[in-house]
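*Asks:*
2 protein chains.
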Amino acid sequence: MDIATRVYNHKWKIDPIVRSLIDTDFYKLLMCQSVYRNRRDTNVRFSLINRSKHIPLAKLIDEGELREQLDHIRSLSLSRGESTWLRGNTFYGKRQMFRPDFMEWFEGLRLPPYELERKGDQYELTFEGKWPEVMLWEIPALAVLMELRSRAVINSMGRFELQVLYARAMTRVWEKIEQLREIDGLSIADFGTRRRHGFLWQDWCVQAMQEGLGDKFTGTSNCLIAMRREVEAIGTNAHELPMVYSALAEDDAALAQAPYDVLSDWHEEHEGNLRIILPDTYGTKGFLDRAPDWLAGWTGIRIDSGDPAGGAETAIRWWQERGEDPQDKRVIFSDGLDVAKIKELHAQFSDRTKVSFGWGTLLTNDFRGLVPDDALAPFSLVCKAVSANGRPTVKLSDNPEKAMGPADEIQRYKRVFGVGEQDSQAVIV
Amino acid sequence: MDIATRVYNHKWKIDPIVRSLIDTDFYKLLMCQSVYRNRRDTNVRFSLINRSKHIPLAKLIDEGELREQLDHIRSLSLSRGESTWLRGNTFYGKRQMFRPDFMEWFEGLRLPPYELERKGDQYELTFEGKWPEVMLWEIPALAVLMELRSRAVINSMGRFELQVLYARAMTRVWEKIEQLREIDGLSIADFGTRRRHGFLWQDWCVQAMQEGLGDKFTGTSNCLIAMRREVEAIGTNAHELPMVYSALAEDDAALAQAPYDVLSDWHEEHEGNLRIILPDTYGTKGFLDRAPDWLAGWTGIRIDSGDPAGGAETAIRWWQERGEDPQDKRVIFSDGLDVAKIKELHAQFSDRTKVSFGWGTLLTNDFRGLVPDDALAPFSLVCKAVSANGRPTVKLSDNPEKAMGPADEIQRYKRVFGVGEQDSQAVIV
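Here the protein sequences line up with chains A and B, keeping their order. Numbered per this note's numbering, the first sequence finishes at 533, counting up by one with no gaps. Numbered per this note's numbering, the second sequence finishes at 533, counting up by one with no gaps.
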């Protein structure tokens, strides 16, 4: 694979960024199946949010080109080989992870329409429709915007300048891998689809991890790459489940219960390593304190916001209080990781619990400092469920910088979930 | 061009290193034409000399593989396109640089046999025959040994490890180019064929120089790459001419005259930028002091051993003594160059004379420090005319470390050419 040449060629013709409906994160498909089973008629609105306002996406990216890419995604349907892989492959040790009724629905799916409007230097991009359909827009929409931005920057670069750009980026990733290789008992996966520099680049990173880390590399969140490179597809569930369930709650009591309803539905559908708690949507501490006992029996927890060491300590303490042995549990770190943090967290926790890492942006998009004005540095773009059946969603997380939703609803959620003062953490990416 | 993939594939099948008779230095062809015209019946013996005894070439390189590569070179003949290019291209502003009688001879040429024997950890590789035929073995023989050694080292590397190796090497070359770009009025050519890491790598370096340096990059010594990349072929003449002419001298008086006979023959054949004196074969100072006046009218001088600044000062002083304006002359530096030295020499001389650089090993083979045990560091391999019509050749140069020939002959040459104490310079590459 010659990335520089391919990327160079991108400059000359239309070249679809997302070429497969499974060029998406595995947990999206797991959640989609769950939603398709439990809440398929919910009307949800997803919206793109560029937290990095200093990146003028609408100036960098031509609207026509963006529409072309999005239209191309709407033309995609599951290919026969992809369907065979989803039906026949073993995920998390289980055959037929995807039920026949879901697969039939998925095979017939085309993504619903999008709404795109330029607002100043930013785009307003929204997707509204049945939850199981619109939710599948999130990852390809992010990937398209990230990669169109990369292309906009590299468009003015010469061929050898480009090759050296990728040479530098490869060297950087490889040096990270060389450091990670030294960590005994490391377990790390690629979670970098959504904020990748580009598809080919993510694919390169995954293969470099395969060769460089061997068994320490546990797989990728990206289904298409997992299929092609024959590695495990990795992922469980995300904030959109409690966010939408919560938005649908009829009153405060139902709201307080909603995040547990999510996990109760999940509990019915999954076991083992798929039973991973994502506790931070409305504050980790309160969530765990009020959690039903059966949840303490789950396999592990994913720490996705706030101080990660603090989050892990909270989880370990909670397991101990509930009579569980943390040594049997797994803590998955997935927020803003890079090598130094991975080393530190592994050193701090690997003796006390099982530790894994979901490494995202700084694996698949660490182009910091490689071009003038740092024009290829990753930035914070998200695509979130913003309303469900007309009601706004709210996310608090363990970092007030990541909170989203209308101010009055945020106050209500804080009250209902008993969230007080929170420590602020800079959002890296 | 995906170097890493191509190089990786080299591991699996026979892949000829030298694929063309013009994958050689341009000055070899110019000299060959001169020799064909003036001394075609001289019997000359070329011999490979590994000055870096710590590199056990015979342990690293399989004899069978080496023979296969050399046999392949013997199967080569000038292709139609190559012949057309040599006949039709403009070299140094001149059409029909190569005379029809020479071209006819060259078109019919196959390289003569070689003799190969393992001696301990080294190979003894010699070529004996008519001078214009055997002289064309030098560059391909060196290129084959250099590249087989590279392949021996990379043979145990993984695919992504390899890709990162080249990523690092590319980054290094590019950073050198970025520094060179800052030098106003720079004029630099690739002289790296003989000691290149590999053919594809030299080709990459030339293209990177083209893109990165623009007009500051004046061309390459490699004819095949010059043809393919449509850049100038660069080069004039080398030590083998005075070495062989001198070996053939019947007595001391004829010996003292021999180096001037070389240039007298050259003077008849070439003009302008091809009239470049290479003065150091038997000591620059004495050579210039005793030079005939017509030589001071030549266009420039090439400094290929000894302290380069000292050599340039000597040349400038000599021109002034002979009533020539150094501003109209050109000094070409071509010995052991890297960026710092290029910057320094350019700063020191570009106001006083025209300055050019022939950049060799540290352009096309700077793999220092990139693999364990520095196993890809360049090393000092040469292939020299060691005898002519049965008489030994001698080279003194301006650096006693580079002297070669039988001890008694070296003494005789020193006496005849009046060479006294010389400063020793470490031979870098």
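No residue lacks a Cβ here, since even glycine has one placed at the ideal position from N, Cα and C.
Only counting the same chain, and skipping five residues up and downstream in sequence, which positions put a Cβ closer than 6 Å to that of ASN377 of chain A?
*Replies:* Residue mapping note: residue 377 of chain A aligns to position 273 of the first sequence, counting from 1. Once the five neighbours on either side are set aside, the close Cβ partners of ASN377 of chain A are TYR196 and THR403.
*Asks:* Using a Cβ-Cβ cut-off of less than 8 Å, list which residues of the region 244-270 of chain A approach chain B; keep chain order.
*Replies:* Here the close residues are GLY262, ARG263, PHE264, GLU265, GLN267, VAL268 and TYR270.
*Asks:* Which residues does DSSP pair with ILE226 of chain B in a beta bridge?
*Replies:* Position 122 of the second sequence holds residue 226 of chain B. Per the sequence presented here, residue 226 of chain B reads as Gln, with Ile not at that position. The partner list for GLN226 of chain B (beta bridge, DSSP) reads B:LYS223.
*Asks:* CB-CB under 7 Å to HIS343 of chain A, same chain, minus the five flanking residues each way: which ones, in chain order?
*Replies:* Mapped onto the first sequence, residue 343 of chain A falls at position 239. Contacts found: LEU382, THR385 and LYS499.
*Asks:* Tell me which same chain residues have a C-beta within less than 6 Å of the C-beta of MET105 of chain B, skipping the five on either side of it?
*Replies:* Numbered from 1 along the second sequence, position 1 holds the residue referred to as residue 105 of chain B. Note that MET105 of chain B has pLDDT 49, beneath the 50 cutoff, so the model's placement of it is unreliable and the number below is only indicative. Answer for MET105 of chain B: no residue qualifies.
*Asks:* Under three-state DSSP, which class holds GLY427 of chain A?
*Replies:* Position 323 of the first sequence holds residue 427 of chain A. DSSP places GLY427 of chain A in coil when its eight states are reduced to three.
*Asks:* Starting from GLY197 of chain A, trace the beta strand (DSSP E) in both directions and tell me its first and last residue.
*Replies:* Against the first sequence, residue 197 of chain A aligns to sequence position 93. Neither: GLY197 of chain A is in no beta strand (DSSP E) and is coded neither H nor E.
*Asks:* What's the gap between the Cα of LEU182 of chain B and the Cα of LEU328 of chain B?
*Replies:* Translated into the one-based positions of the second sequence, residue 182 of chain B becomes position 78. Translated into the one-based positions of the second sequence, residue 328 of chain B becomes position 224. Near 11 Å, if we compare the C-alpha coordinates of LEU328 of chain B and LEU182 of chain B.
*Asks:* Going along the chain, which residues of the region 288-320 of chain A sit with their C-beta nearer than 7 Å to a C-beta in chain B?
*Replies:* Listed by position, the residues of the region 288-320 of chain A near chain B (Cβ gap below 7 Å) are GLN311, ALA312, GLU315 and GLY316.
*Asks:* Tell me the start and end of each unbroken alpha helix (DSSP H) in the region 152-204 of chain A that is at least 4 residues and wholly inside, in chain order.
*Replies:* Qualifying alpha helix (DSSP H) stretches, in chain order: 161-164, 167-178 and 184-192.
*Asks:* Buried or exposed: which applies to GLU448 of chain A, given that a residue is buried once 16 or more other Cβ atoms fall within 10 Å of its Cβ?
*Replies:* As a working mapping, residue 448 of chain A is identified with position 344 in the first sequence. GLU448 of chain A should be labelled exposed.
*Asks:* What does LEU485 of chain A pair with, by DSSP beta-bridge criteria?
*Replies:* On the first sequence, residue 485 of chain A is found 381 positions in, with the first residue counted as 1. According to DSSP, which records beta bridges pairwise, LEU485 of chain A is partnered with A:ASN154.
*Asks:* Less than 9 Å between the beta carbons of ALA273 of chain B and ASP470 of chain B, yes or no?
*Replies:* The count along the second sequence starts at 1 and reaches residue 273 of chain B at position 169. The count along the second sequence starts at 1 and reaches residue 470 of chain B at position 366. Yes, the pair counts as a contact, with Cβ atoms nearer than the cut-off.
*Asks:* Kindly indicate which residue of A:ASN147, A:ARG255 and A:ASP175 has the alpha-carbon position closest to the one of ALA481 of chain A.
*Replies:* Against the first sequence, residue 481 of chain A aligns to sequence position 377. Among A:ASN147, A:ARG255 and A:ASP175, the Cα nearest to that of ALA481 of chain A belongs to A:ARG255.
*Asks:* State yes or no: is the beta carbon of ARG472 of chain A nearer than 9 Å to at least one beta carbon in chain B?
*Replies:* Position 368 of the first sequence, counting from 1, holds the residue named residue 472 of chain A. Answer no: the Cβ-Cβ gap between ARG472 of chain A and chain B never drops below 9 Å.
*Asks:* What are the boundary residues of the alpha helix (DSSP H) that ARG516 of chain B is part of?
*Replies:* By 1-based counting over the second sequence, the position of residue 516 of chain B is 412. Here the alpha helix (DSSP H) through ARG516 of chain B covers 511-521.
*Asks:* How far does the alpha helix (DSSP H) with ARG447 of chain A in it extend, from its first residue to its last?
*Replies:* As a position in the first sequence, residue 447 of chain A is number 343, starting the count at 1. The amino acid occupying residue 447 of chain A in the given sequence is Lys; Arg does not appear at that position. Note, LYS447 of chain A: alpha helix (DSSP H), 443-453.
*Asks:* Using the Cα positions of PHE391 of chain B and ARG263 of chain A, report the straight-line distance between them to the nearest angstrom.
*Replies:* Here the question's residue 391 of chain B lines up with position 287 in the second sequence. Here the question's residue 263 of chain A lines up with position 159 in the first sequence. In a straight line, the C-alpha of PHE391 of chain B is about 46 Å away from that of ARG263 of chain A.
*Asks:* From the beta carbon of TRP189 of chain B, is the nearest beta carbon of chain A less than 9 Å away?
*Replies:* In the second sequence, the residue the question calls residue 189 of chain B occupies position 85. Not an interface residue.
*Asks:* Let me see if you follow: with CB-CB separation under 9 Å, is TRP463 of chain A close to chain B or not?
*Replies:* Position 359 of the first sequence, counted from the first residue, corresponds to residue 463 of chain A. No, its Cβ sits nowhere closer than 9 Å to a Cβ of chain B.
*Asks:* When you compare the region 485-496 of chain B with the region 347-365 of chain B, are there three or more beta-carbon pairs, one atom per stretch, that lie closer than 8 Å?
*Replies:* The region 485-496 of chain B vs the region 347-365 of chain B: in contact.
*Asks:* Just to confirm, are LEU152 of chain B and TYR227 of chain B a CB contact at a threshold of 9 Å?
*Replies:* The count along the second sequence starts at 1 and reaches residue 152 of chain B at position 48. The count along the second sequence starts at 1 and reaches residue 227 of chain B at position 123. Contact flag set, yes.
*Asks:* To the nearest whole angstrom, what separates the beta carbons of ASP129 of chain B and ASN326 of chain B, a pair I think is in contact under 8 Å?
*Replies:* What you label residue 129 of chain B is simply residue 25 of the second sequence in a count that begins at 1. What you label residue 326 of chain B is simply residue 222 of the second sequence in a count that begins at 1. Between ASN326 of chain B and ASP129 of chain B the Cβ distance is about 7 Å, and since that is below 8 Å, they are a contact.
*Asks:* Quick one: what's ASN147 of chain A bridged to in DSSP?
*Replies:* Translated into positions along the first sequence, residue 147 of chain A becomes position 43. Answer is A:LYS234.
*Asks:* Please list the partners that THR275 of chain A has in chain B, where partner means a Cβ-to-Cβ separation under 7 Å.
*Replies:* Translated into the one-based positions of the first sequence, residue 275 of chain A becomes position 171. Here the neighbours are VAL268, ALA271, ARG272 and THR275.
*Asks:* In three-state DSSP terms, what is ALA353 of chain B?
*Replies:* As a working note, residue 353 of chain B is residue 249 in the second sequence. Correct three-state label for ALA353 of chain B: coil.
*Asks:* Would you report the Cα separation of ARG299 of chain B and TRP241 of chain B, rounded to the nearest angstrom?
*Replies:* Position 195 of the second sequence holds residue 299 of chain B. Position 137 of the second sequence holds residue 241 of chain B. Rounded to the nearest angstrom, the two C-alpha atoms are 14 Å apart.
*Asks:* Could you tell me which residues DSSP pairs with ARG434 of chain A in its beta bridges?
*Replies:* Against the first sequence, residue 434 of chain A aligns to sequence position 330. BP columns for ARG434 of chain A point to A:GLY404 and A:LYS458.
*Asks:* Give me the Cα-Cα distance between GLN515 of chain A and THR465 of chain A, rounded to the nearest whole angstrom.
*Replies:* Taking the first residue of the first sequence as 1, we reach residue 515 of chain A at position 411. Taking the first residue of the first sequence as 1, we reach residue 465 of chain A at position 361. Distance between the alpha carbons of GLN515 of chain A and THR465 of chain A is about 31 Å.
*Asks:* Of all the CB atoms in chain B, is at least one closer than 9 Å to the CB of TRP278 of chain A?
*Replies:* Stepping through the first sequence from its first residue, residue 278 of chain A is reached at position 174. Yes, its Cβ sits closer than 9 Å to a Cβ of chain B.
*Asks:* Going by DSSP, what residue range makes up the beta strand (DSSP E) through GLY323 of chain B?
*Replies:* As a position in the second sequence, residue 323 of chain B is number 219, starting the count at 1. Counting along the chain, the beta strand (DSSP E) containing GLY323 of chain B begins and ends at 321-324.
*Asks:* In chain order, what residues of the same chain lie with their CB nearer than 8 Å to the CB of LEU213 of chain B, ignoring the 5 residues before and after it?
*Replies:* As a position in the second sequence, residue 213 of chain B is number 109, starting the count at 1. Correct list, in chain order: LEU125, SER181, LEU182, GLU237 and LEU240.
*Asks:* Residue range of the alpha helix (DSSP H) that ILE281 of chain B falls in?
*Replies:* Numbered from 1 along the second sequence, position 177 holds the residue referred to as residue 281 of chain B. That run of the alpha helix (DSSP H) goes 263-285.
*Asks:* Among residues of its own chain, excluding the 5 on either side of ALA530 of chain A, which ones have a beta-carbon nearer than 8 Å to its beta-carbon?
*Replies:* In the first sequence, counting from the first residue as 1, residue 530 of chain A sits at position 426. If we look at ALA530 of chain A and ignore the five residues flanking it on each side, its Cβ neighbours are GLU505.
*Asks:* Rank B:LEU359, B:ILE420, B:ALA108 and B:GLY185 by C-alpha distance to the C-alpha of PHE303 of chain B and give the top, closest one.
*Replies:* Along the second sequence, read from residue 1 onward, the residue named residue 303 of chain B stands at position 199. The candidate whose alpha carbon is nearest that of PHE303 of chain B is B:ALA108.
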